Every structure is written in C-alpha cells, then in structure tokens.
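Yeah, the sequence shown ends on 754 if you go by our numbering, and it's all consecutive.
Note that CB positions come from ideal geometry on N, CA and C, so glycine has one too.
Computed from a predicted model, the values in this text were never measured in an experiment.
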Amino acid sequence: MSPALAAFLRPSPFALKFATKGVLAMALALYAAFFFDLDRPYWALISAAFLQTRPMSGMVVEKGICQVTGTFVGTCVAVVIMGCFAQVPELALGSVTLWIGLCIYGASLTHNNLSYGCVMAAVACMIIVVLTSSAPDDFFSVALARLSELSLGALCAVVVSALVWPIRVRDHLGQLADTAVNATFRYMALAFSMPLEADRAVSRDTAGQSQGNSQDQSQDQQRERMAMLEQMMTGLDALNNLEIDAHSARYEGPQGKGRIRGVHLLTRRSMRLYATLKALHQLRHPEFFVPSQGDDGEAMAPTGELNQTQTQTQRQEAERFSQPTQDLMQRLGAAFQSMADNQGTAQARKTLKELRGECLRLSRGQRSITALEARLLFSLREVLGHALVILQAREVINHPGRHQLRQPSMSWHRDHGRAAIDALRAMAIFSATAIFWLATAWDNGAVAMLLGTLFSGIFVSRGDPAPIIPMVLKGLLLAVPSVLLFGNVMLSHAQHFVPFVIIFSIPLFLGLMGSVVPALAGIALPFVVFNILLVMPDNGMTFDVAYTLNRSLAAGIGLIVTIIGFRLIPVPGAGWDKRQLIRATASDIRELAERSTERLDSWFGGRMGDRLLRLARHEQTRSREQEARRSGENASGQPDDAQQQVLGMPLLTLGLTGMDIGRGIGFVRRELGNDVPRPVQHALRELIHALADDYQRCARGESPTRMRAAGDRLCEVIEQHRTMSRHKQALLAGWLTRVQLTLQSDALRQQRS
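Below, the structure is given as structure tokens:
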C-alpha cells in the first residue's frame with residue numbers, strides 16, 4: 002500500500018490525535034467567534050489552523066505570541082498609512098508595498114517563529130488597508146475586528162494544545178539530543194576503527210591478494226566511508242532541528258532557559274568535535290580527503306599544483322604513527338561504539354576520562370615523537386574533552402535543574418543580499434496582484450493579493466520553494482470539489498452549530514491527518530486552509546456556487562502570480578550561499594587577529610555554528626539530488642560509476658576547515674598570551690591573513706600559496722624570542738603542516754565538485 006493511501010486507510014495514532022486536536026482548536030475558535038459576533042470568524046479558524054502545524058505546547062505558545070505581536074504591529078502601521086493616504090488608494094497601496102518588502106526582509110534575516118511574526122505583520126497591514134480602501138470610515142472597526150479574530154484563534158489553539166494530549170517541547174528536545182549524540186559517537190567509532198591505508202597495503206602484500214580481492218576490500222572501504230557520512234548527516238540534521246525548536250522550551254516552565262543553554266552548548270561543541278575529527282581523519286587517512294580518481298573512475302593526471310599536492314600527500318601517507326598510538330585509536334573506536342549503544346552516562350564519562358589520561362601519558366612518555374603525531378595526540382585529547390562536554394550538554398537538556406550553565410547563544414548568519422532579493426520578489430508579487438485588482442475592480446482580487454503576500458513570506462525560509470508552490474496549487478484544486486460538496490451542498494442543510502461543525506470538520510480532519518505524512522504535507526495543509534477560505538463560515542454566509550468558484554479563481558490567480566514571481570526572481574542557490582558563507586568566514590578569521598583572547602573560541606564558534614548547519618542543509622539537498630540521479634542511471638541501465646566513489650561533502654568540508662582554522666588560531670593566541678613581542682605579533686597577524694586568503698583560494702579550487710611561508714616565519718620568530726615551549730612549538734608545526742594538507746585537499750575537492 003502506498004504511503005499516501007495508508008495515511009488515510011491505516012492512520013497512525015499520532016495522526017489521529019494530531020487531526021483531532023486541530024479540529025477541536027478550530028471548532029473552539031469558530032464557536033467563540035460566533036459567540037462574540039465577530040465580523041469574519043474564518044480568520045480565527047485560519048489562525049488556529051496555522052498554529053496547529055507544530056502542536057507542541059511551547060511551540061504553539063511562542064508562535065501565537067509572534068502571530069499576535071505581528072498582527073498588532075501590522076495594524077498600527079495600517080493606521081498610519083490610512084491616516085496619511087485614506088483619500089488616495091494608489092499611494093496607500095504603494096506604502097503597503099514598501100511595508101511588505103520591509104517585513105519580508107526582516108523575515109529572511111530572522112529565524113523560527115520570529116520570521117512568521119514578520120509575515121503576519123505584512124499580511125495584517127495588507128488586509129486592513131485593502132478592505133477599508135473603499136470605505137475609510139469603517140477603518141477602526143475593521144482593524145479591531147481583524148486583531149480580535151486572529152488573537153482569538155491563537156488563544157484557542159494554545160488552550161487545546163495545553164489541555165488535549167499535550168506534547169512537550171522538552172521531550173522532543175531530549176529525543177533530538179539523543180539522536181545527535183548517538184550519531185556523533187557512531188561517526189567517531191567508525192572513524193577510529195577504520196584501518197590505516199598503509200596497514201591495508203601491508204596486509205594485502207602479506208596475504209598476496211588478487212586484484213579481485215583488492216577490489217572487494219576497496220568496496221568495503223567505500224561502504225565504511227559512506228556509513229561515516231550518513232552518521233554525520235544524521236547528527237547534523239538533529240542539531241539543526243534542535244537549534245530551530247529549542248527557543249520554544251522557554252514557554253514550558255522556568256527550566257526552559259536551562260534547556261536552551263544546553264542545546265547551544267551541545268551544538269557548539271558538536272561542531273568543534275566534527276572539525277577536530279575531520280583534522281584527525283586527515284592525519285590518519287589522507288586518501289579520504291585527496292581523491293586520486295576522476296569522476297569517470299580513471300586516474301587524474303597530476304599537473305602543476307596537483308602534482309605538488311599528491312607528492313606531499315604520499316609523503317604524509319607513508320609516515321607511520323607509533324604502535325601505542327594506533328592501539329589507542331582502536332580502543333577509542335570500541336569505546337565510542339559502546340557509548341552509542343546506550344551505555345550509561347556515568348560509565349561513559351569514566352571511560353572518556355581514562356582514555357584522556359592515556360593520551361596524555363603517551364604524549365609525554367615518547368621522546369622521539371614527530372610533530373604530526375604530537376598534534377594527533379593533542380587532537381585526541383581535544384576530542385575526548387569535547388565528548389565529555391557533549392555528554393554534560395545532553396544531561397542538561399534532559400535535567401536542567403541539576404546543572405548551571407552560562408552558555409551564550411549562537412550568532413545567526415544573516416545574508417542581507419538574499420533578504421533583499423526576497424523583499425524585492427514579495428513587492429513585485431504584491432504589486433502585480435494590486436495592479437490587477439485596481440484595473441479590474443474585482444471584489445475577490447483581494448484574495449489573490451492575500452495569498453501572494455502570505456506565500457511569498459512563508460517560503461523565504463525554504464532553500465528552493467519553487468517545487469513546493471505547485472503542491473499548494475494542487476491543494477487548491479482538491480479543495481474546490483470538497484468545498485462544493487461540504488460547503489455548498491451539505492452545510493446548507495445544517496440548522497445548528499453542532500451539525501454545522503461536524504460537516505465542516507470532515508475535510509479539515511482528513512487534511513490534517515494527511516499532513517502528518519511528509520510527502521503529503523505540501524498538499525494537505527493548503528487543502529485545509531483553502532477549505533476555510535472558500536467556505537468562509539460566518540453568521541451571514543451564502544451557499545452560492547458561483548461565488549465559491551469566483552473565489553477559487555482568485556486564489557488560483559494569486560498562486561500563479563506567486564509561482565511566476567519565484568521563477569522570475571529565483572531564490573539564490575547553493576553557489577550564492579557558498580560564496581556568502583566563505584566570505585563571512587574568511588572575514589571572521591581575519592578579525593581573530595584583532596579581538597581579545599577572552600572568549601575568542603566562544604565568539605568564533607557561535608558565528609560558525611549556524612554557517613555549518615546551513616552548509617549541512619545544502620549537502621543534504623545535494624546528496625538527495627545525487628541519489629536521484631543514480632537511481633535514474635540504474636533505471637536506464639547505465640553503469641553506476643558514482644557508487645564506485647566516495648560521495649564527498651565539499652561545502653560542509655569547507656565549513657569544517659574554517660572552524661578548524663579559527664580554533665587553531667585561538668590556540669596559538671592563548672599560548673602566546675597578551676604580552677607578545679612586536680615581531681611575533683606582526684608574524685602572527687601575517688599568518689592569520691594568509692590563512693584567510695588561502696581559505697578563500699581553496700574554496701575556488703586553487704591551492705594555498707601564502708600560509709607556508711607565513712607559518713615558517715612565525716615558527717622562526719617564536720623560536721628566536723622563546724615565547725612558546727618546545728612541546729607547544731611542535732604542536733604548532735604539526736598544526737601548520739596539517740592545515741596545509743587540508744587546504745590542498747579541499748582545493749582538489751572543489752575542482753572535482
């Protein structure tokens with residue numbers, strides 16, 4: 002049975018509860034609107050319907066507050082506009098256009114329910130101005146009615162969400178935290194358990210394997226790497242959802258703020274951990290980061306920069322770590338696998354502390370240790386330290402009363418260029434529908450203006466909303482026959498409120514039940530909204546089929562104009578985001594040379610967290626597109642060359658490299674201290690600027706050119722002035738060598754992608 006059919010014939014208990022809660026909230030809102038004799042009760046219905054999309058108690062409260070606040074602000078702006086231009090509708094609509102652009106600009110720069118509040122400010126202002134442009138004398142009554150209706154719907158949704166089968170945000174956050182931590186530990190187990198490439202080569206030579214057996218082992222290696230990538234994406238997806246949903250926890254009691262701080266700590270330390278793990282994997286498996294085959298499976302011909310890069314990589318690959326260090330990494334793999342299999346937190350913390358002490362003993366006990374191995378052992382201690390903090394963060398999310406944290410929130414990345422494009426598109430869509438309304442004097446033209454404004458604002462947070470808007474149009478097409486049957490035929494025989502609600506709730510219940518299935522959500526939720534908009538239940542409603550079809554036509558025109566708007570002014574894609582994120586990261590790396598060493602890691606990590614999550618979302622989209630292409634190739638009988646290669650993550654890899662560079666700079670600045678000789682300060686500043694420049698070069702697929710000379714100069718100056726111990730100088734040299742290899746391999750990855 003298909004998932005779409007199973008959603009209605011065999012619904013899950015959660016789907017039935019979700020649909021029941023939604024219908025109860027809308028029925029309560031409709032009854033209250035009738036009881037208070039409000040002008041347009043269906044606005045209370047729509048308000049309750051939008052708040053029930055995420056029925057967790059804290060989320061409904063937060064979204065309701067943002068909705069009411071946005072409506073109030075939009076109403077105040079409408080008062081100002083009508084006070085100035087009540088006699089000139091064209092100027093009033095022009096002012097509304099500018100206000101819509103400002104609101105959508107703000108919605109694009111904000112996150113979570115704040116973005117929804119900005120959209121509601123635009124919609125409320127537009128509705129009030131459009132409805133009162135022909136009758137300015139009724140302005141204040143209309144504004145008060147709209148504010149009352151939307152607030153009433155929000156209140157009803159909050160009450161039902163809190164009393165009927167309540168779902169708490171804290172339980173949701175705990176599940177996401179477990180998913181993120183377990184996926185991270187499984188990734189670490191796979192990373193540390195994967196044998197070194199040199200060990201594989203020795204075992205093949207010793208066993209005298211044939212070419213066929215070698216290919217089988219290569220396929221096993223590919224599967225191991227794909228499993229690592231899958232676990233990383235699972236963890237990053239859970240972290241992304243945690244950051245999106247965490248702020249709603251503040252509305253579920255005094256411990257909510259503690260949970261939010263725990264989420265910020267978990268996200269920030271997990272990002273640092275992934276960056277450190279990437280660096281460790283670079284040391285152990287250079288072949289994983291520098292591909293030696295082209296997309297067609299044939300060897301790439303090294304020329305110029307590629308030749309130099311591969312020579313250095315082969316030298317790095319040939320360098321073996323000591324046997325105790327390799328044994329320790331195998332123990333780490335087994336330990337993290339045990340932790341991912343729900344080992345107790347106390348036992349996991351004890352194991353991590355023991356392994357961290359073993360790393361310290363190894364780094365101090367070996368006198369002939371190389372710079373790279375010293376850096377590897379130092380990174381292992383960092384990994385274990387991050388893992389300990391991650392366990393504490395998960396404990397804080399589940400039991401915030403037992404811990405006290407002062408963890409600053411993440412700094413969100415704000416793309417003002419994309420926000421300006423979104424604002425321009427929304428203004429163009431509203432202007433087109435407004436000109437159409439003025440030219441035709443069509444009463445239902447306001448519906449087209451409403452939908453164009455609403456959906457152009459709601460979709461600003463989507464990476465690529467163009468495929469979703471046609472699904473909204475399908476929801477409208479399905480809603481039209483439903484409204485004709487239930488809204489025009491059956492409702493005309495309902496003489497009392499109870500039969501009226503029962504009949505009206507049937508399509509709403511089916512739509513909410515189908516919206517639980519991700520594949521149907523884009524159709525089912527618009528189906529619910531259009532059932533309300535086309536029926537428009539109120540005390541003086543008519544059951545005119547022609548009027549229903551007229552409103553349906555207006556809704557279709559609004560959606561078509563929205564689709565055209567997104568086609569003509571598309572959302573900037575991954576290329577745009579990559580350039581903006583890389584430019585912002587390089588700018589922050591340069592700023593590390595000027596900022597105080599206090600809270601340096603906290604500042605940089607907070608700014609990088611949101612960027613890494615954005616890059617991870619682009620990688621998820623890219624992976625799905627690659628999977629679809631491979632499925633198409635298999636269906637057409639073409640050879641699946643992509644399955645013979647490791648699907649890398651070039652965008653996310655760049656973000657992790659930037660995080661690693663920033664953390665390394667913070668380490669160097671802390672070790673040098675504040676009282677640094679001027680030559681050392683100058684050399685360090687030159688290195689930081691060289692790293693930022695080479696980071697941007699590798700993002701363009703070009704090998705680094707400046708950091709090697711700048712790094713050698715810094716090491717020489719430090720040795721001359723003796724501002725760092727021998728051991729720390731070895732760590733610095735190992736870090737510089739590894740960053741050089743990382744930037745070279747990232748440049749090759751960008752060339753291939």
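DSSP three-state assignment for ALA20, whether helix, strand or coil = Taking the sequence shown and counting its residues from 1, one reaches residue 20 at position 19. Here ALA20 sits in helix by DSSP.
Spatial neighbours of ALA711 in its chain, beta-carbon cut-off 7 Å, leaving aside the 5 residues before and after = One-based indexing of the sequence shown puts residue 711 at position 710. By the criterion of a C-beta distance shorter than 7 Å, ALA711 is surrounded in its chain by GLU687, LEU688, ALA691, once the five residues flanking it on both sides are discounted.
Distance between GLY254 and GLY402 (C-alpha atoms, nearest Å) | Mapped onto the sequence shown, residue 402 falls at position 401. Mapped onto the sequence shown, residue 254 falls at position 253. Straight-line Cα distance between these residues: approximately 11 Å.
Quick one: which unbroken alpha helix (DSSP H) runs of 4-plus residues sit fully inside the region 664-751? Chain order, please.
-> Taking only runs of at least 4 residues, the alpha helix (DSSP H) segments lying wholly in the region 664-751 are 679-700, 708-722.
Return the CA-CA distance between GLY566 and VAL481, expressed in angstroms with no decimal places.
-> Numbered from its first residue, the sequence shown carries residue 566 at position 565. Numbered from its first residue, the sequence shown carries residue 481 at position 480. Near 24 Å, if we compare the C-alpha coordinates of VAL481 and GLY566.
Please say whether TYR275 and GLU63 have beta carbons closer to each other than 8 Å?
-> One-based indexing of the sequence shown puts residue 63 at position 62. One-based indexing of the sequence shown puts residue 275 at position 274. Cβ atoms of GLU63 and TYR275: not closer than 8 Å.
Check each candidate in GLY446, LEU478, THR654, GLY175 and name the one with the smallest Cα separation from LYS579.
-> Walking along the sequence shown from the start, residue 579 turns up at place 578. Taking only the C-alpha atoms, the option nearest LYS579 is THR654.
Under a three-way DSSP split, which group does ASP38 fall into?
-> Translated into positions along the sequence shown, residue 38 becomes position 37. ASP38 sits in coil when the DSSP states are folded into three classes, being neither helix nor strand.
Mark ARG670 as exposed unless 16 or more other C-beta atoms lie within 10 angstroms of its C-beta, in which case mark it buried.
-> The residue given as residue 670 occupies position 669 in the sequence shown. By the 10 Å Cβ count, ARG670 comes out buried.
Rounded straight-line distance, which links the Cα of GLU374 to that of ALA693 = Here residue 693 refers to the residue found at position 692 when the sequence shown is read from its first residue. Here residue 374 refers to the residue found at position 373 when the sequence shown is read from its first residue. Answer to the nearest angstrom: the Cα atoms are 26 Å apart.
For ILE391, I'd like the list of residues in its chain whose CB is within less than 8 Å of its CB, leaving aside the five on either flank, ordered along the chain.
-> For the purposes of this step, residue 391 is taken as the residue at position 390 of the sequence shown. Same-chain partners within the cutoff: VAL182, THR185, LEU267, ARG270, SER271, LEU274.
What is the DSSP secondary structure of ALA556, counted as helix, strand or coil?
-> Counting from one through the sequence shown, the residue named residue 556 turns up at place 555. In this structure, ALA556 counts as helix in the three-state DSSP scheme.
Own chain partners of ALA617 with C-beta closer than 6 Å, once the 5 adjacent residues on each side are dropped = Numbered from its first residue, the sequence shown carries residue 617 at position 616. Excluding residues within five positions, the ones whose Cβ falls inside 6 Å are LEU237, LEU653.
Simplified DSSP assignment, three categories, for GLU253 | Taking the sequence shown and counting its residues from 1, the one referred to as residue 253 is at position 252. Three-state DSSP puts GLU253 in coil, outside helix and strand.
Among PRO678, LEU52, GLY458, LEU614, the one whose alpha carbon lies nearest that of LEU153 = Looking up residue 153 in the sequence shown gives position 152. For LEU153, the nearest C-alpha among the options comes from LEU52.
When you compare each of LEU485, VAL448, ASP589 to THR563 by their alpha carbons, which one comes out closest?
-> The residue labelled residue 563 in the question sits at position 562 within the sequence shown. THR563 has its Cα closest to that of VAL448, out of LEU485, VAL448, ASP589.
Go to PHE437, then tell me how far its alpha helix (DSSP H) extends in each direction, as first and last residue.
-> In the sequence shown, residue 437 corresponds to position 436, counting from 1. Residues 417-441.
Got a sec? Which residues, its chain only, sit under 8 Å from GLN697 by beta carbon, not counting five neighbours each side?
-> Translated into positions along the sequence shown, residue 697 becomes position 696. Taken in chain order, the residues that qualify are ILE583, ARG584, ALA587.
Contact between the region 20-30 and the region 482-492: three or more CB pairs below 8 Å?
-> no
Could you check where the alpha helix (DSSP H) with THR72 kicks off and where it finishes?
-> Taking the first residue of the sequence shown as 1, we reach residue 72 at position 71. Its alpha helix (DSSP H) spans residues 58-86.
Contact check, ILE128 vs LEU451, beta carbons under 8 Å | As a position in the sequence shown, residue 128 is number 127, starting the count at 1. As a position in the sequence shown, residue 451 is number 450, starting the count at 1. Yes, the pair counts as a contact, with Cβ atoms nearer than the cut-off.
By the 10 Å Cβ neighbour count, where 16 or more other Cβ atoms means buried, how is LEU92 classified, buried or exposed?
-> Reading the sequence shown from its first residue, position 91 is the one you call residue 92. LEU92 is exposed by the Cβ-count criterion.
What are the boundary residues of the alpha helix (DSSP H) that includes GLN324?
-> The residue labelled residue 324 in the question sits at position 323 within the sequence shown. Run containing GLN324: 324-341, per the alpha helix (DSSP H) assignment.
For SER364, I'd like the list of residues in its chain whose CB is within less than 6 Å of its CB, leaving aside the five on either flank, ordered along the chain.
-> One-based indexing of the sequence shown puts residue 364 at position 363. Answer for SER364: LEU378, listed in chain order.
What is the residue span of the alpha helix (DSSP H) that THR543 lies within?
-> Taking the first residue of the sequence shown as 1, we reach residue 543 at position 542. No alpha helix (DSSP H) contains THR543, which DSSP labels as neither H nor E.
Just curious, the alpha helix (DSSP H) that PRO527 is in, first and last residue?
-> Residue 527 sits at position 526 when you count from the first residue of the sequence shown. Here the alpha helix (DSSP H) through PRO527 covers 519-536.
For ILE590, which of helix, strand or coil comes out of DSSP?
-> Within the sequence shown, the letter at position 589 stands for residue 590. Helix.
On the three-state DSSP scale, how would you describe ASN445?
-> Position 444 of the sequence shown, counting from 1, holds the residue named residue 445. The answer is coil: DSSP assigns ASN445 none of H, G, I, E or B.
Supposed contact pair HIS112 and THR277 - C-beta distance, whole angstroms, cut 8 Å = In the sequence shown, the residue the question calls residue 277 occupies position 276. In the sequence shown, the residue the question calls residue 112 occupies position 111. Not really, about 27 Å apart at Cβ, beyond 8 Å.
GLN581: which of PHE505, HIS417, ALA525, LEU715 sits nearest, CA to CA?
-> Taking the sequence shown and counting its residues from 1, the one referred to as residue 581 is at position 580. Among PHE505, HIS417, ALA525, LEU715, the Cα nearest to that of GLN581 is on HIS417.
DSSP on GLY566, reduced to helix/strand/coil?
-> Position 565 of the sequence shown, counted from the first residue, corresponds to residue 566. Note: GLY566 maps to helix in three-state DSSP.
Endpoints, the alpha helix (DSSP H) within which PHE505 is located = Sequence index remark: in the sequence shown, residue 505 carries index 504 (1-based). Taken as a continuous stretch (DSSP letters only), the alpha helix (DSSP H) holding PHE505 covers 498-515.
Considering only C-alpha positions, which residue in the set ASP713, VAL681, ARG596, GLU703 is nearest to GLY663?
-> As a working note, residue 663 is residue 662 in the sequence shown. Residue ARG596 is the option with its Cα nearest to GLY663.
Would you tell me roughly how many angstroms separate the C-alpha atoms of ALA435 and PHE531, rounded to the nearest one?
-> Here residue 435 refers to the residue found at position 434 of the sequence shown. Here residue 531 refers to the residue found at position 530 of the sequence shown. Cα to Cα, ALA435 sits roughly 21 Å from PHE531.
What does a CB cutoff of less than 7 Å around VAL161 pick up in its chain, not counting 5 residues either side in sequence?
-> To locate residue 161, count along the sequence shown from 1; it is residue 160. Counting only residues of its own chain and dropping the five nearest sequence neighbours on each side, VAL161 has a CB closer than 7 Å to the CB of LYS22, LEU25, ALA26, LEU29.
Could you confirm whether any beta carbon from chain D is found closer than 8 Å to the beta carbon of THR598?
-> No chain D is part of this structure, which consists of one protein chain only.
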